[in-house]
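Undergrad:
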Amino acid sequence: MNSENYLKWIKNQLIPNLPPKSVVVIDNAPYHNVQLNRPPNSNAKKDTMKEWLDSRGQQYSSKEKKIELLPPYHPELNPIENIWGIMKNWVSTRNVTFKLEDVKKLVMEKCANIGKEEWEGVCEKAKGIENYYMKTEIAKDNSENELSINTESGDDSSSDFLDSSDEKMQ
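Start counting the sequence shown at 1; every next residue gets the next number (full-length UniProt numbering).
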């Protein structure tokens with residue numbers, strides 16, 4: 001199976017024969033998810049990206065925007081993860097009935113009361129962790145760059161690796 005045959009089957013067989021209000025569930029097989037008009041990737045030139053957006057009638061600002069993606073498996077760098085942690089702690093200390101409806105009310109109450117200061121706090125915490133990671137990574141890079149091995153010596157370099165039995169063989 002490939003995307004071309006799959007699309008042909010969808011158009012000619014599946015869609016014409018679907019009863020009203022049908023739901024089609026599709027897995028993530030590569031031929032199910034092929035992009036016909038792929039968007040430019042992050043390596044594309046700015047003009048290529050603008051042309052692609054223009055061809056689709058998408059508006060964009062002439063001012064540069066920078067989007068930074070969080071690295072996977074680092075929830076400590078994601079402020080919303082810290083907010084969820086704060087909420088879970090807050091709810092767990094107040095949940096005395098263990099009823100789902102009461103937990104929902106507590107979550108809604110805490111959501112309504114998370115203020116600017118709390119958000120600023122978790123954002124600053126994430127920035128602090130990021131800065132720490134950056135400093136330790138730079139220090140690691142510097143120490144790796146300083147590592148050197150002296151491969152030259154004043155006398156015959158192979159003699160350092162010979163033992164007495166090797167010398168007899170020479």
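Glycine is no exception: its CB is placed at the ideal position from the N, C-alpha and C atoms. Please read these numbers as outputs of a predicted model, since none were measured by experiment.
Should Asn55 and Val34 be called a contact, given that it needs their Cβ atoms to be closer than 8 angstroms?
TA: It should be noted that the sequence gives Ser, not Asn, for residue 55. Not a contact, by the Cβ cut-off of 8 angstroms.
Undergrad: Could you tell me if Leu106 is buried or exposed, where buried requires 16 or more neighbouring beta carbons within 10 angstroms of its beta carbon?
TA: Flag for Leu106 reads buried.
Undergrad: Assuming Ala112 is part of the alpha helix (DSSP H), what are its boundary residues?
TA: Leu100 to Asn113 is the extent of the alpha helix (DSSP H) around Ala112.
Undergrad: Leaving out the 5 sequence neighbours to the left and right, which residues in its chain are closer than 6 angstroms to His32 when beta-carbon positions are compared?
TA: Answer for His32: Ile26, listed in chain order.
Undergrad: Pairs of beta-carbons, one from the region 112–123 and one from the region 78–98, closer than 8 angstroms: are there three or more?
TA: Yes, they touch.
Undergrad: Who are the Cβ neighbours of Arg38 in its own chain at under 6 angstroms, not counting the five residues just before and after it?
TA: Excluding sequence neighbours, Arg38 sits near nothing in its chain.
Undergrad: DSSP state of Ala126, grouped into three classes?
TA: Of the three classes helix, strand and coil, the one that applies to Ala126 here is helix, per DSSP.
Undergrad: Kindly indicate which residue of Glu130, Ser143 and Asn142 has the alpha-carbon position closest to the one of Glu68.
TA: Of the listed residues, the one whose Cα sits closest to Glu68 is Glu130.
Undergrad: What is the DSSP secondary structure of Ala44, counted as helix, strand or coil?
TA: Of the three classes helix, strand and coil, the one that applies to Ala44 here is coil, per DSSP.
Undergrad: Would you kindly work out how many angstroms separate the C-alpha atoms of Leu77 and Ala126, rounded to a whole number?
TA: C-alpha separation (whole angstroms): 5 angstroms.
Undergrad: I think Cys123 touches Pro72, with their Cβ atoms under 8 angstroms apart; what is that distance to the nearest whole Å?
TA: About 20 angstroms; that fails the 8 angstroms criterion.
Undergrad: Taking buried to mean at least 16 other C-beta atoms within 10 Å of its own C-beta, is Asn82 buried or exposed?
TA: Asn82 comes out buried.
Undergrad: Please report the distance separating the alpha-carbon of Asn113 from that of Ile15.
TA: Taking the straight line joining both Cα atoms gives about 48 angstroms.
Undergrad: Measure from the alpha carbon of Tyr6 to the alpha carbon of each residue in Asp47, Ala44 and Ala29, then state which is nearest.
TA: Ranking Asp47, Ala44 and Ala29 by Cα distance to Tyr6 puts Ala29 first.
Undergrad: Apart from the five residues just before and just after Tyr60, which ones in its own chain have a Cβ nearer than 8 angstroms to its Cβ?
TA: Lys50 and Leu53, listed in sequence order.
Undergrad: Identify, in the order they occur along the chain, each residue of the same chain with its Cβ nearer than 7 angstroms to the Cβ of Met1, setting aside the five sequence neighbours on each side.
TA: For Met1, where only same-chain residues beyond five positions count, the Cβ hits under 7 angstroms are Tyr31.
Undergrad: Skipping 5 residues on each side, what residues in its chain have a beta carbon closer than 7 angstroms to that of Lys135?
TA: Result list for Lys135: empty, nothing under 7 angstroms.
Undergrad: Under DSSP, the alpha helix (DSSP H) around Leu7 begins and ends at which residues?
TA: Note, Leu7: alpha helix (DSSP H), Ser3 to Trp9.
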